[in-house]
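Residue numbers (UniProt numbering): 1 to 276.
Using N, Cα and C, we set each Cβ at its ideal position, and we do this for glycine too.
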């Protein structure tokens, strides 16, 4: 779990009269049409589905063996000091989803293979107001809400694979809980997401132009290039060899979440220890 602290300077709030008229009315119409056309073009250029990486396949397989286990949930808890514009935060989360393809990801099966589909719905920003709760009870409630938010299972097929909850502690103190499935996020990517969230929040709160959207298609092409796919094929071949050797192995003892599956061997496809 990642614990972070933010301050008022990171989440600026402006008076309501400065946010009117709406953002669309404050942008040159011709420029707005151009931006929307470019975004539409980018959306049409994004494949409807993509193969999963070797690491994702390993995580997906582990989920099939032990569904609903929260060991693959990455949680960031952000304490925000100073006034907060909750609506600007909600919009900024939607902006982050538009920027980062992973936040639109869900997992489907095609021809028996898991694939990434990028049409997962946008989760609602859940709100909890603890302003009327005494300080001692409040701390316990925050801890409990964090645990519940972090451990609630994800539906990999339906999506989304992330969720957000905003807790109001006082008028100038909030806690933001962000939970991502490890299929779409890791500790390193939390920093990338938070930078996107902060920059878009500032733009939304101050009614200024949104930051430009980076083009990650080159990295995606590299990730799915011949070299990486050849390595994935080698890994898959080794897994099949081990599975063949163990084809006659006896059924293993039933474990929680693992009901009489035949023993099968496969080597981890990630370098970090498997979460417990």
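Q: Pick helix, strand or coil for residue 116, following the three-state DSSP scheme.
A: Position 116 of the chain shown, counted from the first residue, corresponds to residue 116. Residue 116 falls in the strand class under three-state DSSP.
Q. With a CB to CB cut of under 7 angstroms and the five nearest residues on each side skipped, what residues in its chain are close to residue 154?
A. Residue numbering aside, residue 154 sits at position 154 when the chain shown is read from its first letter. Counting only Cβ-Cβ distances below 7 angstroms, and skipping sequence neighbours, we find 161, 181.
Q: Specify, as a first and last residue, the run of the beta strand (DSSP E) that residue 110 falls within.
A: Numbered from its first residue, the chain shown carries residue 110 at position 110. Looking at the DSSP string, the run of the beta strand (DSSP E) that includes residue 110 is 106-110.
Q | Extent of the continuous beta strand (DSSP E) run through residue 76 | A | Position 76 of the chain shown, counted from the first residue, corresponds to residue 76. Segment 73-81, the beta strand (DSSP E) holding residue 76.
Q) Are the Cβ atoms of residue 150 and residue 177 separated by less than 9 angstroms? A) Start at 1 with the first residue of the chain shown, and residue 150 comes out as number 150. Start at 1 with the first residue of the chain shown, and residue 177 comes out as number 177. Yes, Cβ-Cβ distance for residue 150 and residue 177 is below 9 angstroms.
Q.
Whether or not the segment 47-61 and the segment 98-114 are in contact is what I'm after, with contact meaning three or more pairs of Cβ atoms, one per stretch, closer than 8 angstroms; do they touch?
A. Cβ pair count under 8 angstroms is three or more, so yes.
Q | Residue from 135, 205, 64 with nearest C-alpha to residue 84 | A | Counting from one through the chain shown, the residue named residue 84 turns up at place 84. Ranking the options by Cα distance to residue 84, first place goes to 205.
Q. When burial is assigned at 16 or more other CB atoms within 10 Å of the CB, is residue 222 buried or exposed?
A. As a position in the chain shown, residue 222 is number 222, starting the count at 1. It is exposed - the Cβ of residue 222 has fewer than 16 other Cβ atoms within 10 Å.
Q) Got a sec? Which residues, its chain only, sit under 7 angstroms from residue 23 by beta carbon, not counting five neighbours each side? A) Reading the chain shown from its first residue, position 23 is the one you call residue 23. Note that residue 23 scores a pLDDT of 44, beneath 50, so its modelled location is shaky and nothing firm can be said.
Q. Looking only at C-alpha atoms, which of 145, 82, 93, 156 sits nearest to residue 200?
A. On the chain shown, residue 200 is found 200 positions in, with the first residue counted as 1. With distances taken between Cα atoms, residue 200 lies closest to 93.
Q. Whole-angstrom Cβ separation of residue 128 and residue 167, contact assumed at under 8 angstroms?
A. Sequence index remark: in the chain shown, residue 128 carries index 128 (1-based). Sequence index remark: in the chain shown, residue 167 carries index 167 (1-based). The pair is a contact, with the Cβ atoms about 5 angstroms apart (cut-off 8 angstroms).
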